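A.B. asks: First, the structure itself, so that you have it in front of you.
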Amino acid sequence: MQNSPFSSVATKFVLLTFIFLGNFWFFAPSLKAFDYKIGGKAEQASQVGFNQAPMNRNKGIYPMQQYGTVSGFLNVDFNLLPKKLDSHSLKVGIGGMAGGVFFDSTRKLHGGSKIYDYYGFYDGYLGGASNIFSEDDIVTANGKERSLAKTYIFSDAFIEYKYKDFFGIKGGRYTSTMPYRSGKTQGFEVFGEYKHTRLIWFSSFGRAIAGGGFLINWYAPRTSYSGNWSKNAQGGWTHHGYQLSYGTHALRLIYNKHKLLAEFFYYFSPKMFNAPGFSLVWDSDPNFSEKGFRSQTRLIAFFPVYEPWMVVNSSGAPIYKYDRPVTANGQSLIIRQRFDYNNFYLVGTFYKNFGNTNAYVGNMGNPAGVLMGGNSMYAGGWGSASEVPKC
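Residue numbers (our numbering): 31 to 421.
The structure is reproduced here in structure tokens:
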């Protein structure tokens with residue numbers, strides 16, 4: 031597995047914390063009686079495609095994949111503090127998932143099975159482990175990637191400390207709660223809260239997806255190079271140094287009082303992009319408990335800006351993402367309205383991109399609430415409605 035000095039930050043954080051806990055536990059006998067909880071579940075997920083027309087790449091006709099998976103999850107959570115310290119919480123969690131594919135329509139098509147793209151995909155932490163060459167045909171390329179597929183994952187290994195709702199820190203591998211970073215994350219986050227205002231810092235050096243018929247093993251979503259980029263004679267940009275991951279980071283400032291929630295956020299990945307934005311939510315009943323009526327209106331605006339070498343390649347030609355050229359900047363507008371009445375709800379969403387906004391940001395999670403991965407995997411997997419993937 032390829033590594034980066036930056037990807038090990040979260041791992042070192044967790045190891046140091048465990049060392050601290052070990053010493054603290056040894057010198058504090060009262061902590062030796064702790065609570066633990068073992069949980070697990072089995073999941074069966076299937077995708078049915080109605081378009082099963084023969085593939086014709088020249089005409090852009092691609093069948094919809096059909097597949098079924100069975101997965102098992104197991105996790106253990108520990109509460110390391112005595113119950114009398116109810117203002118403090120110190121938790122450790124570990125967990126994993128394993129499964130398999132019992133039905134796969136893609137195995138009958140030219141090139142053999144490609145279902146590993148959704149279930150079992152792994153190409154090394156920084157990518158490129160499959161070592162595919164431009165002269166490789168489809169059968170060879172698929173075979174190389176298929177040989178690296180893993181139908182198991184060590185998805186969770188985290189430690190978390192909280193003091194009431196005033197302060198908290200979490201590190202390791204765990205489920206992300208960031209609107210623009212879905213799935214599992216490998217990194218850490220810290221929050222502090224005073225009255226109605228909360229400040230959050232989030233750093234992620236790896237991502238994985240586990241559940242819902244998907245299993246994508248740990249990888250670095252954003253990779254760059256240790257050196258700088260320089261303009262060349264072809265009008266493009268040449269990178270220097272070795273490949274690594276600087277991670278993706280986010281700063282969120284949230285104000286929540288009565289029926290109003292306002293958030294200003296800023297996502298960035300060094301040498302790749304800067305993406306500020308804001309969110310406004312008006313909720314007629316923030317404490318809604320599925321009784322009576324509730325109206326919730328949400329507005330999100332997002333303004334990513336990309337570095338010039340993320341827009342054109344080394345030869346000066348435009349870089350394409352999701353069949354569209356990457357734009358130097360873009361804007362994304364989301365307006366979402368939800369009505370609840372007892373146990374029933376109705377949701378409507380307006381989602382508009384200006385430029386190729388989500389070329390490198392919204393493709394790792396998007397709060398629009400719109401299905402974005404409903405296209406054929408042979409056509410890229412992502413639906414034409416938004417032209418960006420959710421995972």
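Ideal placement from N, C-alpha and C gives every residue a C-beta, glycine not left out. Note that the coordinates shown come from a computational prediction; the quantities given were computed from them, not determined experimentally.
Three Cβ pairs or more, each shorter than 8 Å: is that satisfied between the stretch 89–104 and the stretch 123–133?
C.D. replies: yes
A.B. asks: Restricting to Cα atoms, I'd like to know which of A305, D153, T181 and N359 is closest to N172.
C.D. replies: Numbered from 1 along the sequence shown, position 142 holds the residue referred to as residue 172. When only C-alpha atoms are compared, the closest one is D153.
A.B. asks: Does the pairing of the stretch 297–310 with the stretch 329–341 give three or more beta-carbon distances under 8 Å?
C.D. replies: yes
A.B. asks: Please return the same chain residues whose Cβ sits closer than 6 Å to the Cβ of W339, not counting the five positions on each side in sequence.
C.D. replies: As a first step, residue 339 is located in the sequence shown; it is residue number 309 there, counting from the start. Excluding sequence neighbours, W339 sits near W259 and W267.
A.B. asks: Can you tell me where the alpha helix (DSSP H) with V169 in it begins and where it stops?
C.D. replies: Here the question's residue 169 lines up with position 139 in the sequence shown. Note, V169: alpha helix (DSSP H), I168 to S177.
A.B. asks: Could you round the C-beta distance between V169 and G142 to whole angstroms and report it? I think they count as a contact, below 8 Å.
C.D. replies: By 1-based counting over the sequence shown, the position of residue 169 is 139. By 1-based counting over the sequence shown, the position of residue 142 is 112. About 6 Å separates the two Cβ atoms, so the contact holds.
A.B. asks: Do you know how far the Cα of N405 is from the Cα of V78?
C.D. replies: Stepping through the sequence shown from its first residue, residue 78 is reached at position 48. Stepping through the sequence shown from its first residue, residue 405 is reached at position 375. Those two C-alpha atoms are separated by around 12 Å.
A.B. asks: Are the beta-carbon atoms belonging to F294 and L310 less than 8 Å from one another?
C.D. replies: Along the sequence shown, read from residue 1 onward, the residue named residue 294 stands at position 264. Along the sequence shown, read from residue 1 onward, the residue named residue 310 stands at position 280. Result no, Cβ atoms of F294 and L310 do not sit closer than 8 Å.
A.B. asks: Considering just the uninterrupted stretch of the beta strand (DSSP E) at E219, what are its terminal residues?
C.D. replies: One-based indexing of the sequence shown puts residue 219 at position 189. Residue range K214 to Y224 is occupied by the beta strand (DSSP E) that includes E219.
A.B. asks: From the DSSP output, in three-state form, read off Y191 for me.
C.D. replies: Sequence index remark: in the sequence shown, residue 191 carries index 161 (1-based). Y191 falls in the strand class under three-state DSSP.
A.B. asks: Just how far apart, CA to CA, sit R211 and N396?
C.D. replies: Here residue 211 is taken as the residue at index 181 of the sequence shown, counted from 1. Here residue 396 is taken as the residue at index 366 of the sequence shown, counted from 1. Cα to Cα, the separation comes out at about 7 Å.
A.B. asks: For V391, count the other beta carbons within 10 Å of its own beta carbon; 16 or more makes it buried, fewer makes it exposed. Which is it?
C.D. replies: Along the sequence shown, one-based indexing puts residue 391 at 361. So V391 counts as buried.
A.B. asks: To which residues does DSSP link S160 through a beta bridge?
C.D. replies: Position 130 of the sequence shown, counted from the first residue, corresponds to residue 160. None; S160 has no bridge partner.
A.B. asks: Looking at Y255 and Y1, is the spacing between their C-beta atoms short of 8 Å?
C.D. replies: Limits of the chain in this structure are 31 at one end and 421 at the other, which puts residue 1 out of reach.
A.B. asks: Counting C-beta neighbours from all protein chains within 10 Å, is the total for E8 16 or more, i.e. buried, or is it exposed?
C.D. replies: Past the edges of the chain, shown from 31 to 421, lies residue 8, and the structure says nothing about it.
A.B. asks: Taking 6 Å as the limit between beta carbons, can you name the residues of its chain near E190, skipping five residues before and five after?
C.D. replies: Within the sequence shown, residue 190 is the residue found at index 160, counting from 1. Answer for E190: K121 and K200, listed in chain order.
A.B. asks: Give the straight-line distance between the Cα atoms of H279 and V220, rounded to the nearest whole angstrom.
C.D. replies: Position 249 of the sequence shown, counted from the start, is the residue given in the question as residue 279. Position 190 of the sequence shown, counted from the start, is the residue given in the question as residue 220. Each residue's Cα considered, the two are about 12 Å apart.
A.B. asks: What number of angstroms, rounded off, separates the C-alpha of K67 from the C-alpha of G241?
C.D. replies: Translated into positions along the sequence shown, residue 67 becomes position 37. Translated into positions along the sequence shown, residue 241 becomes position 211. In a straight line, the C-alpha of K67 is about 21 Å away from that of G241.
A.B. asks: Is the beta carbon of R237 closer than 8 Å to that of S299?
C.D. replies: As a working mapping, residue 299 is identified with position 269 in the sequence shown. As a working mapping, residue 237 is identified with position 207 in the sequence shown. Not a contact, by the Cβ cut-off of 8 Å.
A.B. asks: Is the distance from the Cβ of F308 to the Cβ of Y371 below 8 Å?
C.D. replies: If you number the sequence shown from 1, residue 308 lands on position 278. If you number the sequence shown from 1, residue 371 lands on position 341. Cβ distance not < 8 Å, so F308 and Y371 don't count as in contact.
A.B. asks: For L290, which of P316, L281 and L274 has the nearest alpha-carbon?
C.D. replies: Here residue 290 refers to the residue found at position 260 of the sequence shown. The residue with the shortest Cα to Cα distance from L290 is P316.
A.B. asks: Closest to G202 by C-alpha separation, out of F196, K214, Y193 and K194, would be which residue?
C.D. replies: The residue you call residue 202 lines up with position 172 of the sequence shown. The residue with the shortest Cα to Cα distance from G202 is K214.
A.B. asks: For L139, which residues in the same chain have their Cβ closer than 7 Å to its Cβ, ignoring the five residues on either side in sequence?
C.D. replies: For the purposes of this step, residue 139 is identified with residue 109 of the sequence shown, where counting begins at 1. Around L139: M85.
A.B. asks: Rounded to whole angstroms, what's the CA-CA distance from K113 to F197? Just pull it up for me.
C.D. replies: Indexing the sequence shown from 1 puts residue 113 at position 83. Indexing the sequence shown from 1 puts residue 197 at position 167. Going from the Cα of K113 to the Cα of F197 covers about 19 Å.
A.B. asks: Would you decide whether K71 is buried or exposed? Buried here means 16 or more other CB atoms lie within 10 Å of its CB.
C.D. replies: Within the sequence shown, numbered from 1, the residue matching residue 71 stands at position 41. It is exposed - the Cβ of K71 has fewer than 16 other Cβ atoms within 10 Å.
A.B. asks: Mind checking K261: buried by the 16 CB within 10 Å criterion, or exposed?
C.D. replies: Translated into the one-based positions of the sequence shown, residue 261 becomes position 231. It counts as exposed.
A.B. asks: Among F244, P93 and L229, whose alpha-carbon lies nearest the alpha-carbon of F151?
C.D. replies: Residue mapping note: residue 151 aligns to position 121 of the sequence shown, counting from 1. Measuring C-alpha to C-alpha distances from F151 to each of F244, P93 and L229 identifies F244 as the nearest.
A.B. asks: Classify I349 as helix, strand or coil using the three-state DSSP reduction.
C.D. replies: Locating residue 349 in the sequence shown gives position 319, counting from the first residue. In this structure, I349 counts as coil in the three-state DSSP scheme.
A.B. asks: Can you list, in chain order, the residues of its chain whose CB lies under 8 Å from that of S117, leaving out five sequence neighbours each side?
C.D. replies: Here residue 117 refers to the residue found at position 87 when the sequence shown is read from its first residue. Taken in chain order, the residues that qualify are Y193 and K194.
A.B. asks: When DSSP builds the beta bridges, which residues end up paired with T268?
C.D. replies: Residue 268 sits at position 238 when you count from the first residue of the sequence shown. S260.
A.B. asks: Look at N386 and G346 and say whether their C-beta atoms are less than 8 Å apart.
C.D. replies: Within the sequence shown, residue 386 is the residue found at index 356, counting from 1. Within the sequence shown, residue 346 is the residue found at index 316, counting from 1. No, Cβ-Cβ distance for N386 and G346 is not below 8 Å.
A.B. asks: According to DSSP, is P334 helix, strand or coil?
C.D. replies: As a working note, residue 334 is residue 304 in the sequence shown. Residue state, collapsed to three classes: coil.
A.B. asks: What three-state label does DSSP hand M407 in the structure shown?
C.D. replies: As a working note, residue 407 is residue 377 in the sequence shown. In the three-state reduction of the DSSP assignment, M407 falls in the helix class, which pools H, G and I.
A.B. asks: Taking the Cβ atom as the reference point for each residue, do S319 and F369 lie within a distance shorter than 8 Å?
C.D. replies: On the sequence shown, position 289 is the one that residue 319 refers to. On the sequence shown, position 339 is the one that residue 369 refers to. No, the pair does not count as a contact, with Cβ atoms beyond the cut-off.
A.B. asks: Does the distance from the C-beta atom of T379 to that of V400 stay below 8 Å?
C.D. replies: One-based indexing of the sequence shown puts residue 379 at position 349. One-based indexing of the sequence shown puts residue 400 at position 370. Yes, the Cβ-Cβ distance between T379 and V400 is below 8 Å.
A.B. asks: Please check the pair S233 and G217, which I expect to be a contact at CB under 8 Å, by giving their CB distance rounded to whole angstroms.
C.D. replies: Reading the sequence shown from its first residue, position 203 is the one you call residue 233. Reading the sequence shown from its first residue, position 187 is the one you call residue 217. Sure, about 5 Å apart at Cβ, within 8 Å.
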